[in-house]
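Inspection log for the structure reproduced underneath, given as structure tokens.
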Amino acid sequence: MISVKLWGDGLLHLVEAKLEHNHPVSPSTARFMRCYKRMGDSNAVDLVEQSSGDRKEMECENTTEIGRLKIVEGDNEAIQQFFTHMQNKNPKFFYLVELDQEGRLKNLFWADARSREAYQYFGDVVTFDTSCLTEKYDLPLVSFVGMNHHGQLVLLGCGLISDETVETYTWLFKAWLTSMLECPPNAIITDHCKSIQAAVAEVFPGAKHRFCLSYILKKIPENSEDLQNSKQLGSH
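Note that the UniProt record's numbering numbers the sequence shown so that position 8 is 8, with each residue one more than the last.
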């Protein structure tokens with residue numbers, strides 16, 4: 001349990017913290033914990049190249065609602081308190097929250113001090129990973145990922161989103177760009193989604209936008225077939 005109090009300076013201050021577990025342990029979510037996320041070097045390159053590649057091309061366009069964030073009473077305050085606590089521990093911790101018209105959590109972005117520092121060295125090419133938005137996962141999590149000089153993944157920020165609209169991605173990209181002191185990447189890799197394309201064009205107009213490798217490989221047979229059909233028609 002964490003308790004905070006609004007002081008005269010207009011900021012929330014941590015007044016009490018009880019760090020023992022106050023909720024049932026959930027083994028099914030253990031795979032999301034940091035200690036379970038170690039990845040081999042060979043897989044790291046594949047992930048950056050193929051990020052979000054399993055999603056169908058039209059999935060993003062047709063599914064603007066990925067399910068409202070599962071927020072129950074008290075969660076908004078708990079989230080705000082937690083991130084305020086993190087920011088008090090380290091002023092370089094960055095987060096932004098977007099609320100809907102009813103005051104409920106709509107979208108959330110955060111980047112810790114390590115991610116912000118790493119971007120200065122490994123932010124030339126950034127992958128925007130949306131693989132958790134597939135039906136396989138019950139978690140509307142997106143992440144910004146880079147790669148260091150050892151070919152290892154470097155986390156550059158995370159977000160929780162409530163839909164896949166242009167407005168949401170634009171808000172998210174602007175939040176991330178603000179956390180990185182308005183320094184855009186030279187290139188960004190995403191999956192093939194019109195909403196993402198529009199948001200990238202607006203927020204990162206000078207960046208080279210590339211699609212993940214798996215999408216390109218999937219399109220090669222289709223384009224080759226179209227080319228072959230055109231040649232056959234031209235021969236008649």
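Beta carbons: idealized from backbone N, C-alpha and C, even for Gly.
Out of curiosity, what's the CA-to-CA distance linking residue i and residue j?
| i | j | result |
| --- | --- | --- |
| Phe83 | Pro221 | 47 Å |
| Asp100 | Lys194 | 23 Å |
| Ser162 | Glu77 | 18 Å |
| Pro185 | His209 | 10 Å |
| Phe109 | Val203 | 16 Å |
| Ser143 | Gly206 | 21 Å |
| Phe122 | Gln152 | 10 Å |
| Val166 | Leu172 | 10 Å |
| His150 | Ile189 | 19 Å |
| Thr178 | Asn88 | 19 Å |
| Lys70 | Glu98 | 15 Å |
For residue i, which of the options has the nearest alpha-carbon?
| i | options | result |
| --- | --- | --- |
| Met147 | Phe173, Ser115 and Asp100 | Ser115 |
| Asn90 | Lys106, Glu117 and Asn76 | Glu117 |
| residue 244 | Ile79, Phe93 and Asp75 | Residue 244 falls outside the range modelled here, since the chain spans only 1 to 236, and no answer is possible. |
| Ala113 | Met86, Ser162 and Gly103 | Met86 |
| Ser131 | Pro140, Ile196, Val125 and Leu96 | Pro140 |
| Phe170 | Val154, Cys183 and Ile196 | In the sequence under discussion, the amino acid at residue 170 is Thr, which differs from the Phe named in the question. If we check each option's Cα against that of Thr170, Ile196 comes out closest. |
| Gly103 | Ser143, His209, Asp75 and Gln120 | Asp75 |
| Leu96 | Val142, Ile189, Ser143 and Gly159 | Gly159 |
| Tyr119 | Phe211, Val154 and His150 | Val154 |
| Ala187 | Lys174, Glu98, Phe211 and Thr178 | Phe211 |
| Trp176 | Ile79, Asn88 and Ala111 | Ala111 |
| Leu105 | Tyr121, Asn88 and Gln80 | Gln80 |
Assign residue i to buried or exposed, taking buried as 16 or more other Cβ atoms, counted over all protein chains shown, within 10 Å of its Cβ.
| i | result |
| --- | --- |
| Asn107 | buried |
| Asp191 | buried |
| Leu217 | exposed |
| Thr168 | buried |
Assuming residue i contacts residue j under a Cβ cut-off of 8 Å, what Cβ separation, rounded to an integer in Å, is found between them?
| i | j | result |
| --- | --- | --- |
| Asp129 | Val145 | 5 Å |
| Val200 | Leu156 | Between Leu156 and Val200 the Cβ distance is about 15 Å, and since that is not below 8 Å, they are no contact. |
| Glu164 | Leu133 | 7 Å |
Could you tell me whether any Cβ in chain D is nearer than 8 Å to the Cβ of residue i?
| i | result |
| --- | --- |
| Ala78 | In summary, chain D is missing from the structure at hand, where a single protein chain is found. |
Could you tell me which uninterrupted beta strand (DSSP E) segments, each at least 3 residues in length, are contained entirely in the stretch 60-146, listed from first to last along the chain?
94-99, 105-111 and 125-129
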